[in-house]
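These protein sequence lines map, in sequence, to chains A and B. Here the first sequence stands for residues 655 to 1097, where the numbers follow our numbering. Here the second sequence stands for residues 34 to 575, where the numbers follow our numbering. For glycine and all other residues, C-beta sits at the position ideal for the given N, C-alpha and C. Have a look at the structure below, then the notes.
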Amino acid sequence: MNEVRRTWWVVGVAVALALLSAGAARADQVKLNVALANPLLKADKKQATYLMVGLTGFKIAGQKRAPVNVAIVLDKSGSMTGEKIRKAKEAAIMAVNRLRADDIVSVVAYDDTIEVLVPATKALDKEDIIAKINRLEPGNTTALFAGVSRGAQEVRKFLDKNRVNRIVLLSDGLANVGPSSPRELADLGGSLGKEGIGVTTIGLGLDYNEDLMTQLAIKSEGNHFFAEKAGDLERGFDLEFGIGLAVVAQEIMVRIVCAPGIRPVRMMNATADITDRTVLVSLNQLYSERRADLLLEIEVPATASGKVRGVANVEVTYANMATKTTDRLTSEIAVKFVDSEVEVTEKTEKVVMVVVVEQIANEQSMRATELRDKGKIEDARKLLLANGSYLRENGRAYGAEKLLKQAEKNEEDAGNLDEGNWKHQRKDMRDRQQEASAPACAF
Amino acid sequence: MRPKLIAVFLLIVLVPLGLITWLAVRTARNERTVIEHKLRELLMVSLRDAERAVVGVVQERERELLQLTGAADPRDAEQIRSLVRRNPFVSQVFVMGPDGERVHPPLAGSLTDSERGLIERHSRLQTDPQGFYRDVLAQSAALTDGGGEAAAPRILAEGHRTGAGWYVVTTDGVPRVVFWQVNPAGLLVGAELNCPRLQSDVAGRLPATDPFRPEIPHGRITLRDSAGSILYQWGSYEPLEGELPRASLPVRPPLDFWALDYYLSSADLDKALGGGVRFSLFVSLVVGGLALVALSVYFYRESSRTLREAAQRTGFVNRVSHELRTPLTNIRMYAEMLEDGLPEDDGQARQQLGVILSESRRLSRLITNVLTFARKQKDTLKLHRMPVCVDEIVSSSIEHFRPALERKGIKVVFSLGASGPVSADTDAVEQILANLFSNVEKHAADGGLMEVTSQRQGGRTVITVSDRGPGIPKDMREKVFQPFYRCSDRLSEAVTGTGIGLSISRDLARLHGGDLTIMPAEVGTTFRVELDTPHCDSGEKA
Chain A
655 MNEVRRTWWV VGVAVALALL SAGAARADQV KLNVALANPL LKADKKQATY
705 LMVGLTGFKI AGQKRAPVNV AIVLDKSGSM TGEKIRKAKE AAIMAVNRLR
755 ADDIVSVVAY DDTIEVLVPA TKALDKEDII AKINRLEPGN TTALFAGVSR
805 GAQEVRKFLD KNRVNRIVLL SDGLANVGPS SPRELADLGG SLGKEGIGVT
855 TIGLGLDYNE DLMTQLAIKS EGNHFFAEKA GDLERGFDLE FGIGLAVVAQ
905 EIMVRIVCAP GIRPVRMMNA TADITDRTVL VSLNQLYSER RADLLLEIEV
955 PATASGKVRG VANVEVTYAN MATKTTDRLT SEIAVKFVDS EVEVTEKTEK
1005 VVMVVVVEQI ANEQSMRATE LRDKGKIEDA RKLLLANGSY LRENGRAYGA
1055 EKLLKQAEKN EEDAGNLDEG NWKHQRKDMR DRQQEASAPA CAF
Chain B
34 MRPKLIAVFL LIVLVPLGLI TWLAVRTARN ERTVIEHKLR ELLMVSLRDA
84 ERAVVGVVQE RERELLQLTG AADPRDAEQI RSLVRRNPFV SQVFVMGPDG
134 ERVHPPLAGS LTDSERGLIE RHSRLQTDPQ GFYRDVLAQS AALTDGGGEA
184 AAPRILAEGH RTGAGWYVVT TDGVPRVVFW QVNPAGLLVG AELNCPRLQS
234 DVAGRLPATD PFRPEIPHGR ITLRDSAGSI LYQWGSYEPL EGELPRASLP
284 VRPPLDFWAL DYYLSSADLD KALGGGVRFS LFVSLVVGGL ALVALSVYFY
334 RESSRTLREA AQRTGFVNRV SHELRTPLTN IRMYAEMLED GLPEDDGQAR
384 QQLGVILSES RRLSRLITNV LTFARKQKDT LKLHRMPVCV DEIVSSSIEH
434 FRPALERKGI KVVFSLGASG PVSADTDAVE QILANLFSNV EKHAADGGLM
484 EVTSQRQGGR TVITVSDRGP GIPKDMREKV FQPFYRCSDR LSEAVTGTGI
534 GLSISRDLAR LHGGDLTIMP AEVGTTFRVE LDTPHCDSGE KA
C-alpha cells in the first residue's frame, strides 16, 4: 500500500511540476495559502502575531457532490410532543427528499430505547422511508447517546472514504438515558470524527441543550443548525444532501513547524496538537470552492531591525477525491523586522486580520455567554457592546462588511440577555459561535 | 334436628373442598417454583447472549490494540501521537520502561492538551510512576480472548518480557479502561480507551427495540454501571420505579463495573408462570365443589324425606290409635255394664264377657302405649299428679290382670306397704304396672308366679314385680329398655309385643322423678320401679 502511495505521490509531484512549469496551477489541487497578519514587524520587541493557513477547495466542473452515507437519527421522546416532532419529521423528510439514488440512508428513532426504522440502504424507495418517518409517535425519555451510537453503527455498514459519511441528529437535545454530558458527547463526537463520520445536529424547540448539540457537531466536524432559525435548516440540507458541493479533499493533515525562536501559542479555530514548535491539525473534509482558514497565534522574539526571520514551514497532506491520490503541499513563510510602526500598519494583511478579528470577537462572544450563564448579565452586556465596537472599528479599518454585520449582531445580542429572550438568544449565539469556530466551514 | 343436619352437610362439603384447595394450591405453588426456575434460566440465556455482545466489543479492541501497540515504536513520541490522532477508540497512550519509568508522554519537551489531560486523569504517571506501573501489572484483568477461562494476568517477574491485560481504574467517578501490552523490549504500552466511544460501540452492538417484532416481547434488558445509571436498554416493557430485575448478570472483567438486568412485567410473568395451572386449579375446585354440593343436597333431601316419612307414619299411627280409642272405650263401657247386669249364675256368659273385657283392656293398654310413645317422641309427655294411694292403684291393676294371669296359670302373690296418700300420676303408674304385668304374662308364664311388693321410703315409693320366668341375660338388661328392642325376634315364638312397653315405662318412671331398673335375681326377673311420690295431706280428704 505504501509502495503504491509513494508511486502515486511521485507521479503526482511530477505532474504538478510539469503543470507548474507550464505556468498554470493544477486544476485539481487544493490551494494552500499561508500568510501572516503582519508581514512586517516592529523590531526589537517580543510580540504576538497570527499565522493563517488557508486551504481552498478546487472546482470540479460538472461533477455533482460525492454520494452521502447518512443516518438520520430522530428524537421521538415525550418532550418532542407537538410542534417539535412535526418539525423534526419535516426536517428529516426534507433531508430524505434531497438524497439521490446512489446515496445510502438509514433512519433511527429513539426515546428510552432505540428503534431502527430503516436499516442502512440505498435511497431508492423514498416514499417508504418518508412513510416510516411520518408514522413516528413521541414516546418516552431520551436515550440520545444510544440513538447516535445506533446511527453510527448504521453508517459504518457502508463506511466509505468516497462518500460523505454523516449522522443527522434531530433532537431537542434533552438526553437523560445513557451518557448525557456535553463532555461525553464531545468525546464520542471526536471519536466518530476520526472515523470520518460527521454528526450534524439540529436543535429543535427552545429547550435543547445547545452545548451538548454543538459539542457533538464541532468535535465530529459536523454542522449545527438551530431549527428555529428560518432558512438555516434548508440551507444546511441543501448543502449536505441537495445540490450541494463536492468534497474535494479528505483526511487533511496540516503540520506547521515553527522556526526556532518562534513559539506557537494556540490554534484559535480548531483542535490542535501542539508540542514544542510543531502544530498538528487534522480536518475531515474540504468542500469544492470553499475555504478553510486555520488561525495560529504565535510569539515572535525581539529581533533587530532589517533582519528577516523564517516563521514556519507548513505541510499539508490530504486525500484528493478527484484524483484518488494522497497529495502533499508545502509552503514556508518569513517575516521582516522594521523600525517604523507606520510601515508595519500599512503592510498589515487585511484578509488575515479580518479572520483574526472574527476569531477574537468570537472568543469574546463565548466569554460573554459564560458570564451570562453565571448570571452576570451586566458584565456580559458590557463585553458584547465592547465586542461590537471592536468589530465595527476593525470592520471600518479593513473595509470588511462581514465584520460590520457581526458588530451589529453583537450589539443586538447585548440587548437580548434578559430572562425572556435568553433561551432563544443563547442558542442563536452558540449557533454562530460554532459556525465561526469551524475552520472548514461549508458556508 | 334440622340445623344439626345442615351443619353436618356443610362439614361434608367444606372439609373435602378445603382439602382439595390446599392440595391444589400446594401443587400450583410447586409448579410455579419449577417454572420460575426455568424462566430464570431462559432470562439468563438472553443476558448471557447480551453479555457476549458486550464482551465482543472488548475482544475486537483487544485484537486491534495488540497489533497497534505491538507495531508502533514506543520510544518514538511522534508515532505514538500519530496513533492517538488517528485511532478513534483510544483517547491517549502512555509508555513505561521496564523499571516503571515514564517514557511517554515524554518527560522532556511540551505535551499536547490531550496528553496533559491523560496525566490529570492518572496523576500517578507524574507523581508515582513506579507505583502506577506496579498497580497496572498487579491489578489487571486478563485478556478476554484468553480462550475461555480467564487466566490470572501474567505478572511480570524478572526476565519476563511479554504480557498484556486490562487495567481499570476509577478517577473522578469515571472508570478508565486501559489496555496494556509489554513488548519484547520490556516497554509497557498502555492505551486508555475513549470511554464514551466504548459505550457507543456497545450500544450500537446490542439489539434495538422493534415495536412490531420485539426481541423480548414483554421484557426490558438494561445495561447499567455500578452507580446504577442506565447506559443502554432495549425491550418494550417499561419497569416501574424501584422494580427489581428478575435476573441479573454482571459483565465479566474488564467491564465488570457494568451489569445486565432483565425486567419482566408481573402480569406477563404470571401468565408465563402458570395462568394454566391457576385456571385448572380453579376449574377443579369449582367442579369438585359442585359435585360435593350436589351430593350433599341429594343426601340431605333423602334423609329429610326419610324423616318426613317416619314422622308421617308416626302421625298416622297416632291418629289411628286415637280413632281406635273411642270405639274401644265404648266397647269396654258396655261390656262392663253388661257384666254388672248379668245374673250371678250365668257362668258361661260371664266367662265370655270376661274375655271380651280383658282383651279390650289389652287393646286399650296397647293404644295408650302407642300414644305415650308418640307424645314422648314429640316431647309432649306430661304428668298429671293427684293425691292418690299407690296401693290402691297396684291392687286395682292386679285385679285387672288377675283373670288373664290365672288363665295362664300364674299365681299372684303381693305384699303392699304404700297406703298413704301421695302425689302421683295414676295413669302413669297404671301404665308402668300394666306393662310389667303384661311382660310377666307374656314371657314368664312358665314360672307360674308373680310377686308384687310395694313400700314407701320417705317421699318415694318403690314397687317390685318379680317372676320365676327364664330371666333376662345380664348383657341384655339395659338393652331391653331401648325402644323396639326385643330379646328374640323369632316369629315362631308365640310371643307378642310391640317392643316399646319397657321403654315408655322407664320414661314414665323417670318423668316421675324415679327410675325403672332390673334387680339382680337368682331366678326369673325382678323389675324395680322407684317413683318420687311426695306425701300429700289433702289426699286423705280427697
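Fill in: Integer Cβ distance of Gly857(A) from Glu875(A), believed to fall under 8 Å
Along the first sequence, read from residue 1 onward, the residue named residue 857(A) stands at position 203. Along the first sequence, read from residue 1 onward, the residue named residue 875(A) stands at position 221. Approximately 18 Å separates the beta-carbon atoms of Gly857(A) and Glu875(A); this is outside 8 Å, ruling out the contact.
Practice prompt. With a 10 Å radius around its C-beta and 16 neighbouring C-beta atoms as the bar for buried, classify Ile39(B) as buried or exposed.
Written response: Locating residue 39(B) in the second sequence gives position 6, counting from the first residue. The residue is exposed, with fewer than 16 neighbouring Cβ atoms inside 10 Å.
Item to complete: Please compile the residues from chain B whose C-beta is within a distance smaller than 9 Å of the C-beta of Pro792(A).
Response: Taking the first sequence and counting its residues from 1, the one referred to as residue 792(A) is at position 138. Chain B residues near Pro792(A): none, gap ~14 Å exceeds 9 Å.
Discussion item. Per DSSP, what are the beta-bridge partners of Val363(B) in this structure?
Written reply: Within the second sequence, numbered from 1, the residue matching residue 363(B) stands at position 330. A small fix is needed here, since residue 363(B) is Asn in this sequence, not Val. None, per the DSSP bridge assignment.
Item to complete: State the DSSP-derived secondary structure class of His568(B), mapped to helix, strand or coil.
Response: By 1-based counting over the second sequence, the position of residue 568(B) is 535. In the structure shown, the three-state DSSP call for His568(B) is strand.
Fill in: Interface flag, Val772(A) vs chain B, CB-CB below 8 Å
Looking up residue 772(A) in the first sequence gives position 118. Val772(A) does not count as touching chain B.
Discussion item. Under 8 Å: do the segment 90-104 of chain B and the segment 224-242 of chain B share three or more Cβ pairs, one atom per stretch?
Written reply: Segments in contact, yes.
Worksheet item: Is it right to say Thr405(B) is buried, meaning 16 or more other beta carbons lie within 10 angstroms of its own, or is it exposed?
Response: Taking the second sequence and counting its residues from 1, one reaches residue 405(B) at position 372. By the neighbour-count rule (16 or more Cβ atoms within 10 Å), Thr405(B) is buried.
Practice prompt. Quickly, what does DSSP pair Tyr200(B) with across the bridge? List them, please.
Written response: As a first step, residue 200(B) is located in the second sequence; it is residue number 167 there, counting from the start. DSSP, once it has assigned bridges, lists Val211(B) as partnering Tyr200(B).
Discussion item. Let me check understanding here. Comparing Cα to Cα, which of Ser259(B), Ala300(B), Trp267(B) lies closest to Pro283(B)?
Written reply: In the second sequence, counting from the first residue as 1, residue 283(B) sits at position 250. Here the closest residue by C-alpha is Ser259(B).
Worksheet item: If you count every other CB in all the chains shown that lies within 10 Å of the CB of Asp1085(A), and 16 or more means buried, which is it?
Response: Here residue 1085(A) refers to the residue found at position 431 of the first sequence. That one is buried.
Practice prompt. Evaluate Arg539(B) with the Cβ neighbour count: other Cβ atoms within 10 Å of its Cβ, from every protein chain shown; 16 or more gives buried, anything less gives exposed.
Written response: As a position in the second sequence, residue 539(B) is number 506, starting the count at 1. Label assigned to Arg539(B): buried.
Discussion item. Any beta carbon from chain A within less than 8 Å of Asp243(B)'s own beta carbon?
Written reply: By 1-based counting over the second sequence, the position of residue 243(B) is 210. By this cut-off, Asp243(B) is an interface position.
Worksheet item: Could you give the residue range of the beta strand (DSSP E) that holds Leu950(A)?
Response: Against the first sequence, residue 950(A) aligns to sequence position 296. For Leu950(A), the enclosing beta strand (DSSP E) covers residues 945-954.
Worksheet item: Gln807(A) touches chain B at which residues, Cβ-Cβ below 9 Å?
Response: Translated into the one-based positions of the first sequence, residue 807(A) becomes position 153. In chain order: Ser233, Asp234, Ala236, Gly237, Arg238.
Worksheet item: Which chain A residues sit within Cβ distance under 8 Å of Gly275(B)?
Response: Here the question's residue 275(B) lines up with position 242 in the second sequence. By Cβ distance, chain A contributes nothing, its closest Cβ being about 16 Å from Gly275(B), past 8 Å.
Practice prompt. Taking only beta carbons into account, state which residues of the segment 144-163 of chain B come closer than 9 Å to chain A, listed in chain order.
Written response: Under the 9 Å Cβ criterion, the segment 144-163 of chain B contributes Leu144, Thr145, Asp146, Ser147, Glu148.
Fill in: Lys37(B) in three-state terms, based on DSSP
Taking the second sequence and counting its residues from 1, the one referred to as residue 37(B) is at position 4. The three-state secondary structure of Lys37(B), taken from DSSP, is helix.
Worksheet item: Can you list the residues of chain A that Pro229(B) reaches, using a CB-CB cut of under 8 Å?
Response: The sequence position of residue 229(B) within the second sequence is 196, counting from 1. Proximity of chain A to Pro229(B) at the Cβ level (cut-off 8 Å) is accounted for by Phe799, Pro833, Glu838, Leu839, Asp841, Leu842, Ser845, in chain order.
Worksheet item: By Cβ distance, which residues of its chain are closer than 8 Å to Ile389(B), with the 5 residues on each side in sequence left out?
Response: Position 356 of the second sequence, counting from 1, holds the residue named residue 389(B). Contacts found: Ile364, Ala368.
Worksheet item: What's the call for Ser429(B), buried or exposed, on a 16-neighbour Cβ count within 10 Å?
Response: Counted from its first residue, the second sequence places residue 429(B) at position 396. The residue in question, Ser429(B), is exposed, as its Cβ has fewer than 16 Cβ neighbours within 10 Å.
Worksheet entry | Gln488(B) - DSSP class collapsed to helix/strand/coil | Reading the second sequence from its first residue, position 455 is the one you call residue 488(B). Residue state, collapsed to three classes: strand.
Practice prompt. Using a threshold of 8 Å, state whether the C-beta atoms of Met734(A) and Ala742(A) are closer than that.
Written response: Sequence index remark: in the first sequence, residue 734(A) carries index 80 (1-based). Sequence index remark: in the first sequence, residue 742(A) carries index 88 (1-based). Going by C-beta atoms, Met734(A) is nearer than 8 Å to Ala742(A).
Fill in: Assigned exposure category for His545(B) - 16 Cβ within 10 Å defines buried
If you number the second sequence from 1, residue 545(B) lands on position 512. It counts as buried.
Worksheet item: If we call anything under 8 Å between Cβ atoms a contact, is Leu950(A) one with Ile910(A)?
Response: Taking the first sequence and counting its residues from 1, one reaches residue 950(A) at position 296. Taking the first sequence and counting its residues from 1, one reaches residue 910(A) at position 256. Leu950(A) is a Cβ neighbour of Ile910(A), given a cutoff of 8 Å.
Worksheet item: Whose C-alpha, out of Thr145(B), Pro131(B), Val88(B), is nearest the C-alpha of Glu111(B)?
Response: Translated into the one-based positions of the second sequence, residue 111(B) becomes position 78. The residue with the shortest Cα to Cα distance from Glu111(B) is Thr145(B).
Discussion item. When you compare the CB of Pro121(B) with every CB in chain A, is at least one pair closer than 8 Å?
Written reply: Taking the second sequence and counting its residues from 1, the one referred to as residue 121(B) is at position 88. Chain A contact via Cβ: present.
Practice prompt. Give a yes or no on whether the C-beta atoms belonging to Leu690(A) and Glu1003(A) are separated by under 8 Å.
Written response: Working through the first sequence from its first residue, we reach residue 690(A) at position 36. Working through the first sequence from its first residue, we reach residue 1003(A) at position 349. Taking 8 Å as the Cβ cut-off, Leu690(A) and Glu1003(A) qualify as a contacting pair.
Worksheet item: Nearest chain A C-beta to Gly252(B) closer than 8 Å, yes or no?
Response: Position 219 of the second sequence, counted from the start, is the residue given in the question as residue 252(B). By this cut-off, Gly252(B) is not an interface position.
Discussion item. Quick check: Val427(B) and Leu482(B), are their CB atoms within less than 8 Å of each other?
Written reply: Here the question's residue 427(B) lines up with position 394 in the second sequence. Here the question's residue 482(B) lines up with position 449 in the second sequence. Not closer than 8 Å, so no.
Worksheet item: Is Leu1057(A) closer than 8 Å to Arg1035(A) when the C-beta atoms are compared?
Response: Taking the first sequence and counting its residues from 1, the one referred to as residue 1035(A) is at position 381. Taking the first sequence and counting its residues from 1, the one referred to as residue 1057(A) is at position 403. Going by beta carbons, Arg1035(A) and Leu1057(A) fall outside the 8 Å limit.
Discussion item. Using only the alpha-carbon positions, how far apart do Gln488(B) and Val353(B) sit?
Written reply: Position 455 of the second sequence, counting from 1, holds the residue named residue 488(B). Position 320 of the second sequence, counting from 1, holds the residue named residue 353(B). Whole-angstrom Cα-Cα distance: 38 Å.
Worksheet item: What do you reckon, are the CB atoms on Asp947(A) and Met706(A) nearer than 8 Å?
Response: To locate residue 947(A), count along the first sequence from 1; it is residue 293. To locate residue 706(A), count along the first sequence from 1; it is residue 52. Yes, these two residues count as a Cβ contact at 8 Å.
Practice prompt. Answer yes or no: the CB of Gly876(A) versus the heavy atoms of the ligand PLP, is any distance below 7 Å?
Written response: As presented, the structure is devoid of all ligands, the ligand PLP included, so that no description of it is given.
Worksheet item: Is the segment 1036-1050 of chain A close to the segment 1012-1023 of chain A, with three or more CB pairs under 8 Å?
Response: Short answer: they touch.
Worksheet item: If contact means a Cβ-Cβ distance below 9 Å, which residues of the segment 129-144 of chain B contact chain A?
Response: The segment 129-144 of chain B vs chain A, Cβ under 9 Å: Pro139, Gly142, Ser143, Leu144.
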